[in-house]
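All remarks here apply to the structure that follows.
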Amino acid sequence: MHKRKNAEDIILDGIIYIILILLALATFYPMWYVLIASFSSGTHIAASGGLLLWPGDFNIEAYKLTFAHPLLIRSFCNSLAVLVLSLPINILLTVLCGYFMASAGMVWKKYIVGIIMFTMFFSGGLIPKFLNVQDLGLYNSIWALVLPGAMSVYNAIICKTAIEGIPYSLVESAYIDGASDIAVMRKIILPLIKPTMAVLLLYYGVSHWNAWFSASIYIKDAEKLPIQNILRAVLISNTKLTESFGDSYNAYADAMQYAAIVIITVPIMCVYPFLQKHFTKGVMIGAVKG
Amino acid sequence: MLSKGKLKKDFHKNKYKYIMVIPVLIYLFLFCYKPMYGVIIAFQRYRPTLGIARSPWVGLDNFVRFFKDVNFWRVVRNTFTISFLSILFTFPAPILLALLLNEVRVSWFKRLVQTVTYLPHFIAMVVVCGLVNRFCQSDGLINDLIAFFGGERSNLLIKTNMFYPIYILSDIWKEVGWNSIIYLATLASIDQEQYEAARIDGAGRIQQMWYITLPGLLPTISMLLILRLGNILGVGQEKILLLYNEMTYEVADVISTFVYRKGLSDADYSYSTAIGLFDSIINIVFLVGANKISKKLGQSGLF
Amino acid sequence: MRREFLKRIFGVTLITALAMGTVACGSTDGTNTAEQSTVNVSEESSQTISTQESENSEEASADITYPLQDAEKLTLWATTPGIASIYSDYTESPYHMGLQENTGVEVEWTFPALGANWKESYNLLLTEDTLPDIIAYSINVSAAQLLAQDGVIYDLTDYIPKYAPDYWEYLNAEGNEAVLKAAKSEDGRIYGVRTSVETELNPTYIGPVIRQDWLDELNLEVPVTLVDWENVLVAFKEKYNAKLGFVKGKWNMGIASGVNAQAGLSAEYYVDADGKIQFANAQPEWKESLEVLHKWYEMGLIDQDSFTMNDDALRTKVLNNEIGVSITAMSQLTNWCLDAEKQNPGAVWVGMEYPRVAAGVPTSRIQGGNRSGSFVAVITKECTEEKMITALKWLNYGYTEDGFMYQNFGTEGTNYTLDSDGKPHWTDLMKNDPDGLEQAIIKYTGTYSSALGGIQSTDMVLIKNHETAAEAVYKWAQNTDNSKYLLPSLAMTDEESLVITDVATPIKAYVGEMALKYVLGEASLDDFDAFVAELDKMGLQKCLDAYQAAYDRYLAR
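The listed protein sequences correspond, in order, to chains A, B and C. Here this note's numbering is used: the first residue of the first sequence is 1, the next is one more, and so on. Here this note's numbering is used: the first residue of the second sequence is 1001, the next is one more, and so on. Here this note's numbering is used: the first residue of the third sequence is 2001, the next is one more, and so on.
See below:
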């Protein structure tokens, strides 16, 4: 049966493979460029035009300089701090919210769910949100990056769907055994929704790590900015990273930008393979019911 | 009717559920509902030094100003255009990729392509736009290619007719692999016997793709499409802020970026809030509409 | 010696001023330059002030001695003078710490975040519950007036003669009438300590530059008219594939003077020969200037990245021989000359005059302004009166002789020495700084681009830059009618200010966009009439009326 490889098949395969190879190359090249550029000197980057296939004068100077750059290091730590503070809060609120929405039989459920869902459709908008952050005294503090986005209702729905996917008989029998909600949560629900929680961690983590917008509004002091905002200044506004570091720095100014990109992107890319096996399952659950 | 006794019983029985949802409600109150109160500055001429209490009221002036604004049509048009283009191109791209990958029998190759294409999802928007910036300069990579094929070098970032291609292509580049994961997962659940049966009936691979694979994806596609339609004004504001410039405002300036500039650059807080409110209202209309369609199509609806 | 030198500044100033402009500051980019502002004081209020002066004269003449004793700590938000980027905060910066030592006042400095737009940062600052004691930014007098009305900042009118005697003396010095006018609001009050510049050469810090070596090779004269410019550009393109390249923020007036226009690529108001306020961008001359630019753009004479690149990117292009003609700032010209000496021997940049309609005809508008800067330091109501007085005394320091020298040149002996003519010279410490002279100036001095009260020295600007740049600035300022057309900075009533926000701001944005569209050919100049009609529809007349009213009051003084 499988041997029937006719001309049509071969042509079709050819086309598919060519498209996919081109796509993979087009996707891969910019990343490769960044990686290579981070190991090259400024003159090599400039001389090569846009086309860099291999580091011309391989060196790790740019990484040394990047790790010695006070602003980059500090902002890197700020980003980490946001992540460490946010994730527990995110997961806690999301699971609580998901659990409530997945439970049945509460008289007030309809209203409370309404209150929760309404925030998906309507928000105060940029300025009112900003004034609110001011008002709560969070302005220019790391909490302004942690608290306003502490929970995403969308993610709570994913969590809710996952909980609903647990066979009700399990929960019911626990209740019959006299378990409280907290015990049910701890002993039955949490262990069973681990894959979903992994996915949620990834969602929240990626969004915090890559965020720049709130910090650009809520943070005033340069030393409190997360790394993405520094990169934005460097890559988008073309602010020089190394203005005053003398000639040796200038030779690697470009490479340093790329090194910084590599340093902040690689960790998060590396997390994914560990979560991958949960991921397909988790994302499905989320998608089945939006 | 809810009797007092019933409420008491309900609270007794579901005490912990209620207690557990309290932190969520506190959060929503502080960070979602409290700012909604701030929306009233849309009806004021707000001055931060006076605060909401002392700022003068102006009724609907700010809305009238927006409708008369020379940029009104432009931002509305651009918002819809960008949204429409992304539904037209960015949305089907992962479906195509999934279909193509599904045809690949060499598993290492399939995995490789998948891995390479999902990686950009993790690259921050700032970095993606920074790279786009670099590559589109008149001495950047893309121009090197254009020049190689005999074309004229030009700065692509200042050309109004290049903004949409740049926007859409970089979107596809970043998300196509990632968004295809869900379709591939759906494909994995299609019954293999169907293909077997089709082959016996002499169906070619394109026919199989058309009659088995695609219908298998349809529920997922329609659901995601409805979700997308419900968020029609949700264009990538952050991305546009990073990519646009004065030369491309004509095609790139959308409602949310206009809100941003009016509010933060011009400090016209009330005006900015009024435009934001307009944006929110349109968005709700579309959401409710999408929900209705979804229910009509027999889906469970978004809410 | 030093007295001699300082007399020039604190005594009679040679060049009289019409009004207003922005402070010459090499490091600010276009987006951060300030709105215009001015002053108009009724006769009545000026009398009040002079009475106060005589009342206070006894105390006023008593100089404040620095360092101040037992001064309270102050907090300050300022855009500049910034910290050299090798330091992580102000406590490491020699200038900021030296200032603390000299004045005896401990100051906690905060600045806008890296890469942040200054204007946005300032707007956000005002929404905060707790403000710093001093805010130093480009705040026009009308805005300051509003802040005072809202109870946010102090009205300093009654305090300045006594607690900022040197500033007061400067404002009232002969030749500084316009500076005094610019410091006062519509109701004749003074809300802050302004930054000034020593002479009108300071604001003319941007102008045309050209590759002299290429002109020589091609046997071409330095271009005068726009036709000459075009010939040179074509020749440069053919021979060297080099173009006209610039940074949009530094284009300000651009080539407007070549066709008697009054605006570059952005919105501009001016006073016409009949004393009427006009909108430069609605005039046929402006259209003509855009036609020229569009033509050059189509001919490929303009580097396309000019509209998006910054100074660093341009500098790279210049070094790579991609640019033959430019309009740039003294500090950049300095960089280019130094780069050429080090890495591209043979390349010779020189400054040239702004283009003219014909040789010998004065230029209509050039980059330039008045000696009164737009930057001002205001004191907020976070301060008690006592603290406010400390802050005012501290701000006065920039106007004392010691303060002037410190702000501009640093510490005598360490950073500069005076020669027998009383002219300052940098010491070797400055000249041999590993990060270059420009960074050394940021490390040790304050007025290089200061928002804090003080006077920017012309000598400082001349000796901090390459001699080519110092020569260029005289060429740029040569034979110009700039001051005839220059709008004095006008103090607005609250109502007029409202018109400016509601009408002038959108018009400004609209004009900025349209100008680029015309140059790039995204819009056709055949539709210029429609453009003007659109301006009218947006309420241009209301703006002109507001400006006219403010201007008439200004003249009525």
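C-beta atoms are modelled at their ideal positions from N, C-alpha and C, and glycine is treated no differently. Fair warning: this is a prediction, and the values are worked out from it, not measured in the lab.
- Nearest to residue 2296 of chain C by C-alpha distance, out of C:2325, C:2195, C:2285 and C:2182, is C:2325.
- Straight-line spacing of the CA atoms in residue 167 of chain A and residue 174 of chain A works out to 12 Å.
- In the same chain as residue 2108 of chain C, and ignoring 5 residues on each side of it, the C-beta atoms closer than 6 Å to its own belong to 2075, in chain order.
- Judged by beta-carbon spacing, residue 1200 of chain B lies beyond the 7 Å limit of residue 1286 of chain B, meaning their Cβ atoms are not closer than that value.
- Relative to the Cα of residue 1063 of chain B, the nearest Cα in the group B:1293, B:1190, B:1290 and B:1276 belongs to B:1276.
- Taking 7 Å as the upper bound on Cβ-Cβ separation, chain B lies near residues 147, 148, 150 and 151 of the stretch 137-159 of chain A.
- Distance from the CA atom of residue 1262 of chain B to the CA atom of residue 2426 of chain C, rounded to whole angstroms, is 45 Å.
- When secondary structure is reduced to three states using DSSP, residue 1138 of chain B falls in the coil class, being assigned neither helix nor strand.
- Residue 2078 of chain C is bridged by DSSP to C:2136.
- Neighbourhood of residue 239 of chain A in chain C, by CB distance below 8 Å: 2114 and 2115, in chain order.
- For the 7 Å CB-CB criterion, residue 105 of chain A and residue 160 of chain A do not form a contact.
- The stretch 1150-1199 of chain B contains, as complete alpha helix (DSSP H) runs of 4+ residues, the segments 1160-1188 (chain order).
- Between residue 126 of chain A and chain B, the shortest Cβ-Cβ separation is below 7 Å.
- Using a Cβ-Cβ cut-off of 7 Å, residue 2313 of chain C is close to 238 of chain A, given in chain order.
- With contacts defined by Cβ atoms closer than 7 Å, residue 82 of chain A and residue 278 of chain A do not form a contacting pair.
- Looking at the DSSP output, residue 2365 of chain C shares a beta bridge with no other residue.
- Counting other Cβ atoms within 10 Å of its Cβ, residue 1106 of chain B stays below 16 and is therefore classed as exposed.
- Counting only runs of at least 3 residues, the stretch 1046-1082 of chain B fully encloses no beta strand (DSSP E) element at all.
- In terms of beta-carbon proximity, residue 222 of chain A lines the interface with chain C, with at least one pair separated by less than 7 Å.
- Around the Cβ of residue 2135 of chain C, a 10 Å sphere holds 16 or more other Cβ atoms; the residue is buried.
- Between residue 2152 of chain C and chain B, the shortest Cβ-Cβ separation is below 7 Å.
- Here residue 2426 of chain C is bridged, per DSSP, to C:2416.
- With its beta carbon at least 7 Å from every one in chain C, residue 1055 of chain B lies outside the interface.
- Taking a Cβ-Cβ cut-off of 8 Å, residue 1078 of chain B has no neighbours in chain C, whose nearest Cβ is about 13 Å from it.
- Residues of chain A whose Cβ lies closer than 7 Å to the Cβ of residue 1083 of chain B do not exist; the shortest such Cβ separation is about 17 Å.
- For residue 1260 of chain B, the C-beta contacts it makes with chain A under 7 Å involve 126, in order along the chain.
- With respect to the C-alpha of residue 1018 of chain B, the residue from A:103, A:13, A:17 and A:72 having the closest C-alpha is A:103.
- The residue among C:2159, C:2250, C:2205 and C:2299 with its C-alpha nearest the C-alpha of residue 2385 of chain C is C:2159.
- For residue 41 of chain A, the three-state secondary structure derived from DSSP is coil.
- When C-beta atoms of the stretch 2531-2543 of chain C are compared with those of the stretch 2313-2328 of chain C, fewer than three pairs fall below 8 Å, so the two segments do not count as touching.
- Inter-residue distance for residue 2208 of chain C and residue 2126 of chain C is about 38 Å (C-alpha atoms, whole angstroms).
- Counting only unbroken stretches of 3 or more residues, the beta strand (DSSP E) elements lying wholly within the stretch 2210-2282 of chain C are 2269-2271 and 2277-2279, in sequence order.
- In the structure shown, residue 2497 of chain C falls within a helical segment according to DSSP collapsed to helix, strand and coil.
- As DSSP reads the structure, residue 2193 of chain C sits in a beta bridge with C:2377.
- For the 7 Å CB-CB criterion, residue 2267 of chain C and residue 2519 of chain C do not form a contact.
- For residue 2108 of chain C, the enclosing beta strand (DSSP E) has its first and last residue at 2107-2110.
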